[in-house]
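A.B. asks:
Numbering (my numbering), first residue to last: 350 to 676.
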């Protein structure tokens, strides 16, 4: 399969070693670029579910074959569990009709609700799970984190389960290669990690630790090209909502060994990110960028975050226009 694809690799047969303790065969075949989708809100902060069909089609038309629902970009950590469930169901309903793999992040809430969400995801037809760690009683050692992942995996034994490593937000800073090795040994349906960290030397160690049928997803849009040079060629990044074709071109340039083109394209993506980050916090600025670039009205961020000012929005738009990324 060409690395220029943004979708899944062909389904392969699972070995007996990949079956879980209930003898359910669990495979994970997603590779490439995975946008973490936004949650659109109306002006009164109610969820705008009506945008999902056109939003999903926009991504599918851009060649996207998998999305993450409920990540940092999706703000599910700020939502009631019933809203989270309805968003999950809507993305499953719409996404399946478009051939999109639906990955759902279930963490960021009280542990009983994490388990409830995991079970719900399996029931409604989600394709894979991602989870944050416990965010208050944080795991202090690798064994604690493996135990946490193990409980979620048992709640949804038919689904691939991945861990969301984002220490800048979770403040859980454990040895990820050691965690991946331990989780792989103990959790039959553990299938990988979203690695949202700028230390690519550790990311490369994680990649070497993974087994066949597992995947590491980079979570740093500004490091797409250097990560790909190290072999990390799958990524979950907010900017893939805005600039999916630019990200694809970066990976294509790396694959074709055109280092100068990859560097130039990565620089363009980095400048686009920089145009946003000077104006505020990640989700509010990227929601503004999504509206500027695509025209999809994302609305305000979930409380307690606040939208950026009109002046900040105008500055972002001016910089994106100069880069040729906005009208």
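Ideal Cβ placement from N, Cα and C applies to all residues, glycine included.
Quick caveat, the model's predicted, so the values are computed rather than measured.
1) Whose C-beta lies closer than 7 Å to the C-beta of residue 530 among residues of the same chain, with five residues either side of it excluded?
2) Can you give me the C-alpha to C-alpha distance between residue 431 and residue 466, rounded to a whole angstrom?
3) What did DSSP end up calling residue 652 once you bin it into helix, strand or coil?
4) Could you compute how far the alpha carbon of residue 526 sits from the alpha carbon of residue 385?
5) In terms of alpha-carbon separation, which member of 537, 524 and 571 lies closest to residue 547?
6) In this structure, does DSSP put residue 485 in helix, strand or coil?
7) Could you tell me whether any Cβ in chain B is nearer than 9 Å to the Cβ of residue 668?
8) DSSP three-state label for residue 415, please.
9) Could you name each continuous alpha helix (DSSP H) segment of 4 residues or more that falls completely within the stretch 499–572, going from the start of the chain to the end?
10) Would residue 404 pass as a contact of residue 415 if the rule is Cβ separation under 9 Å?
11) Is residue 600 near residue 569, with beta carbons less than 9 Å apart?
12) By DSSP's criteria, residue 390 is part of a beta bridge. Which residues make up the other side?
13) Kindly give me the distance between the Cβ atoms of residue 762 and residue 480, rounded to whole angstroms, as I take these residues to be in contact under 8 Å.
14) What residue ranges within the stretch 559–642 form continuous alpha helix (DSSP H) runs of no fewer than 4 residues, ordered along the chain?
15) Using 8 Å for Cβ pairs, my map puts residue 478 next to residue 523. What's the rounded Cβ distance?
16) Classify residue 450: buried if its beta carbon has 16 or more other beta carbons within 10 angstroms, exposed otherwise.
17) Buried or exposed for residue 638, going by 16 or more other Cβ atoms inside 10 Å?
18) Do the CB positions of residue 545 and residue 501 come within less than 9 Å of each other?
19) So, do the stretch 601–612 and the stretch 627–644 have three or more beta carbon pairs nearer to each other than 8 Å?
20) Does DSSP put residue 455 in a helix, a strand or coil?
21) Below 9 Å between beta carbons: does that hold for residue 617 and residue 549?
22) If you run the structure through DSSP and keep just helix, strand and coil, what is residue 443?
23) Touch check for the stretch 655–672 and the stretch 387–401: three-plus C-beta pairs under 8 Å?
24) Rank 592, 528 and 613 by C-alpha distance to the C-alpha of residue 643 and give the top, closest one.
C.D. replies: On the basis of the supplied data:
1) 558
2) When only Cα atoms are considered, residue 431 and residue 466 end up about 10 Å apart.
3) coil
4) So the two alpha carbons sit approximately 24 Å from each other.
5) 571
6) Residue 485: coil per DSSP, three-state reduction.
7) The question asks about chain B, but that chain is absent: this structure has only one protein chain.
8) Of the three classes helix, strand and coil, the one that applies to residue 415 here is strand, per DSSP.
9) 516–519, 525–535 and 549–558
10) no
11) Their beta carbons are not under 9 Å apart, which means residue 600 does not touch residue 569 by this criterion.
12) As a beta-bridge residue in DSSP terms, residue 390 pairs with 396.
13) The requested residue 762 is not part of the displayed model; the chain covers only 350 to 676.
14) Within the stretch 559–642, the runs of alpha helix (DSSP H) that reach at least 4 residues and sit entirely inside it are, in chain order, 573–578, 588–591, 593–604 and 608–626.
15) Contact flag wrong, Cβ pair sits at about 20 Å.
16) buried
17) Classification for residue 638: buried.
18) no
19) No, the stretch 601–612 is not in contact with the stretch 627–644.
20) coil
21) no
22) Per DSSP, reduced to three states, the secondary structure at residue 443 is helical.
23) no
24) 592
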